[in-house]
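Chains as they are written, first to last, in the numbering used here: chain A, 1 to 330; chain B, 331 to 507. All residues carry an ideal CB built from backbone N, CA and C; glycine is no exception.
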Amino acid sequence: MGSIELVCPAGSPAMLEAAVEAGADSVYCGLRDETNARNFPGLNFDAGELAQAVTDCHRRGAKVLVAINTFARAGDEARWRRSAETALEAGADAIIAADLAVLAHVRSLSPTARLHLSVQAAANTPEAIAFYAETFGVRRVVLPRVLSAQEIARLVGDVATEVEAFVFGGLCVMAEGRCALSSYATGQSPNLSGVCSPPEAVSFERSAAGMTSRLAGLALDQVPTGKTAGYPTLCKGRFAVDGEASYLFEEPTSLNAMGLLAELRAAGVHAVKIEGRQRGKAYVARVTRAFRSAIDALDRGESTAPYEHLLTDLAEGGREIAGAYNKRWR
Amino acid sequence: MLQLDNRLTDQALAEIAIAMRRPVEVLLDRAIRRTWRRSPAAFGRLGRYQGCRYLIAPTDLPVAFELRLESGGGQVRVVRRGPAPGCVAAVAGALADLLALFEGSADADAIFFSGALDVTGDTAAVMALHNALEAADLRLADLLVPAALAPGLEPFLRRLLDWRRATLRPRGAHGID
């Protein structure tokens, strides 16, 4: 059984350096515009930085996967075409895309370019994955974070592509690429603008009652001073229903599936992915080091247990869960 | 009565710090210029927030700092604590956490999740500042001591900061389900 590829986030050249130094097999990154789903102020790469990153990574035996994973807006497709061309010119090892137009454009530019299907495509059936593989030559699919480990095992057996699964970081319980919560509140979304809860629309207010987070003026949550908080997104908001306030969509927690690495590897998952291009070099260094140690332990036939609780303080709300991987409901 | 005494002491300390602020400002201004010379592209990551003022307010110091970064360097001013109407955003937290964020050895989101960091004002401006500082690759000694002493003092300062942050937030304080 081969080792699992460790795919780590690089929101900037500094993060990329930290990830590779800590043992990433591959890093994924995006260009500094709305063609990638982490289009935040001060983040991402320009064309020169991307080319340099590819050269540096290849020298050190690591791969660079470029995310062009938002959906091209009608009438403004040139921006997405340009990003695809820039990534190929830089020598990217793969392009991660979800939009049919982007996939088609990359394939038209290069018959051999490696394409990975972004989680933003929300492809979770053998039929959907086969369509992307047969039509565009997609070689790997990044699975949505809503499947159980058993469902992934069944899926791997039914598809011809490699499978990549998220194992750490932010959770998304929506049909990815189709969530309209951020658009509803702000007019901008991860799907079209590359931002979920654009920071321009986010505010935090301190009062005697604690901290209130708001998105475009809508109160999302209020936590007492000194208590743990979650990301200011609508899906992590606390809403009152029938007089009772609760996290209606999703608790403010993070995914940590390190304890399921052995199961995922046995199921035939080719690569595991760390979420968090918006975090920073301290985050990526710690998470990469912990997962590198765990994967190396697996390869030696040892347990991952010594590494499973090293990252809890990095979790949203200070709490980790195994997400849908262990779900028993449907 | 004790509370009143503490307030008076804080106020007196603040006034002393304000009166003696110039050497600190000079040291920090030089550190910013050195950083700009070393990584000018990092300052570009501020985008439209270049030249904007940020209030950095350590909760365990009697004074705060106004920070402005722009092409060529920038400026730090020691100011009295309190509202800063000219600033685009304010970040408040323990000095050790703020220093760790400046040099990129701590994860900003994790500190924020833990409730130990206050962010007010333009959230996008704070995000741009964070990403610019990450790219600048600051060392702790760059911020705290003259350049000539920085290499020798860095390991000592690092141990001191790690110790201080460990006392602020013991590990293993969070649950796992």
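Would the beta-carbon of residue i fall within 8 Å of that of residue j?
| i | j | result |
| --- | --- | --- |
| LEU264(A) | ARG286(A) | no |
| ALA365(A) | ARG238(A) | The shown model of chain A, from 1 to 330, leaves out residue 365(A), and the question about it has no answer. |
| VAL146(A) | VAL173(A) | yes |
| LEU447(B) | GLY423(B) | yes |
| VAL141(A) | THR453(B) | no |
| GLN405(B) | ASP359(B) | yes |
| PRO41(A) | ALA465(B) | no |
| GLN120(A) | GLU176(A) | yes |
| MET15(A) | VAL284(A) | yes |
| ALA87(A) | VAL66(A) | yes |
| GLU355(B) | ARG411(B) | no |
| LEU234(A) | LEU255(A) | no |
| ALA19(A) | THR288(A) | yes |
| THR450(B) | ALA430(B) | no |
May I have the straight-line CA-CA distance separating residue i from residue j, to the nearest angstrom?
| i | j | result |
| --- | --- | --- |
| ARG330(A) | ALA149(A) | Note that ARG330(A) scores a pLDDT of 45, beneath 50, so its modelled location is shaky and nothing firm can be said. |
| ALA503(B) | GLY318(A) | In this predicted model, ALA503(B) has a pLDDT of only 37, less than 50, meaning its place in the structure is not dependable; the value taken from the coordinates is given anyway. ALA503(B) and GLY318(A): Cα-Cα distance of roughly 9 Å. |
| LYS273(A) | GLY170(A) | 11 Å |
| GLU85(A) | GLY91(A) | 10 Å |
| ASP507(B) | GLY259(A) | Annotation note: pLDDT 28 at ASP507(B) (below 50); position unreliable, no value reported. |
| LEU490(B) | ASP427(B) | 12 Å |
| LEU376(B) | ALA462(B) | 6 Å |
| MET211(A) | GLY187(A) | 25 Å |
| TYR184(A) | GLU127(A) | 31 Å |
| TYR325(A) | ALA123(A) | 16 Å |
| ALA262(A) | GLY301(A) | 10 Å |
| PRO232(A) | PHE432(B) | 23 Å |
| ALA165(A) | ALA153(A) | 11 Å |
| ARG501(B) | THR312(A) | Because the pLDDT at ARG501(B) is just 49, under 50, the model does not fix this residue reliably, and the point stays unresolved. |
| SER83(A) | VAL106(A) | 10 Å |
| LEU310(A) | ALA290(A) | 7 Å |
| ASP221(A) | ARG59(A) | 46 Å |
| ARG495(B) | GLY482(B) | 22 Å |
| GLU396(B) | VAL138(A) | 50 Å |
| TYR307(A) | LYS281(A) | 19 Å |
| ASP158(A) | ASP492(B) | 49 Å |
| ALA471(B) | GLU17(A) | 21 Å |
| THR292(A) | GLU162(A) | Residue 292(A) is actually Arg in this sequence, not Thr. Approximately 20 Å, taken between the alpha carbons. |
Under a Cβ-count criterion, where at least 16 other Cβ atoms within 10 Å of its own Cβ denotes burial, should residue i be classed as buried or exposed?
| i | result |
| --- | --- |
| GLY61(A) | exposed |
| LEU468(B) | buried |
| ASP390(B) | exposed |
| ASP439(B) | buried |
| LEU6(A) | buried |
| GLU320(A) | buried |
| THR55(A) | exposed |
| GLY505(B) | A caution first: GLY505(B) carries a pLDDT of 30, below 50, which makes its placement in the model unreliable, though a value can still be read off. So GLY505(B) counts as exposed. |
| PHE486(B) | exposed |
| GLY434(B) | buried |
| GLU345(B) | exposed |
| GLU134(A) | exposed |
| GLY226(A) | exposed |
| MET457(B) | buried |
| GLN278(A) | buried |
| LEU248(A) | exposed |
| ARG38(A) | buried |
Can you tell me whether residue i sits near the ligand PLP, meaning its C-beta is under 7 Å from at least one heavy atom of the ligand?
| i | result |
| --- | --- |
| PRO199(A) | By its list of ligands, the structure shown contains no ligand whatsoever, and the ligand PLP lies outside what it can speak to. |
Interface residues of chain A around residue i at Cβ under 9 Å?
| i | result |
| --- | --- |
| GLY434(B) | ALA14, ALA18, GLY280, LYS281, ALA282 |
| ALA387(B) | None at all; the shortest Cβ gap to chain A is about 12 Å. |
Taking residue i as the query, report the chain B residues whose CB atoms sit under 8 Å from its CB, ordered along the chain.
| i | result |
| --- | --- |
| VAL223(A) | GLY445 |
| GLU200(A) | ASP452, THR453, ALA454 |
| GLU316(A) | ASP439, PHE443 |
| LYS227(A) | GLY445 |
Please check the pair residue i and residue j, which I expect to be a contact at CB under 8 Å, by giving their CB distance rounded to whole angstroms.
| i | j | result |
| --- | --- | --- |
| GLY276(A) | PRO9(A) | 5 Å |
| ASN69(A) | ALA98(A) | 5 Å |
| LEU43(A) | GLY11(A) | 5 Å |
| GLY416(B) | ARG378(B) | About 17 Å separates the two Cβ atoms, so there is no contact after all. |
| PRO388(B) | LEU425(B) | 4 Å |
| PHE136(A) | LEU115(A) | 6 Å |
| ALA455(B) | VAL418(B) | 5 Å |
Give the interface partners of residue i over in chain A, defined as CB-CB distance under 8 Å, in chain order.
| i | result |
| --- | --- |
| VAL408(B) | Here the premise fails: no neighbours, minimum Cβ distance about 23 Å. |
| ASP492(B) | Simply none; closest approach about 12 Å. |
| GLU400(B) | What GLU400(B) touches in chain A: nothing, since even the nearest Cβ is about 14 Å away. |
Got a sec: is the Cβ-Cβ distance from residue i to anything in chain E below 8 Å?
| i | result |
| --- | --- |
| PHE204(A) | As a matter of chain content, chain E is missing from the structure shown, whose protein chains are A and B. |
Taking residue i as the query, report the chain B residues whose CB atoms sit under 7 Å from its CB, ordered along the chain.
| i | result |
| --- | --- |
| LYS236(A) | By Cβ distance, chain B contributes nothing, its closest Cβ being about 11 Å from LYS236(A), past 7 Å. |
So which residues of chain A does residue i contact, with C-beta pairs closer than 7 Å?
| i | result |
| --- | --- |
| LEU376(B) | GLY42 |
| ALA458(B) | PRO41, GLY42 |
| VAL449(B) | PHE204 |
| ASP467(B) | ALA14 |
| ALA462(B) | GLY42 |
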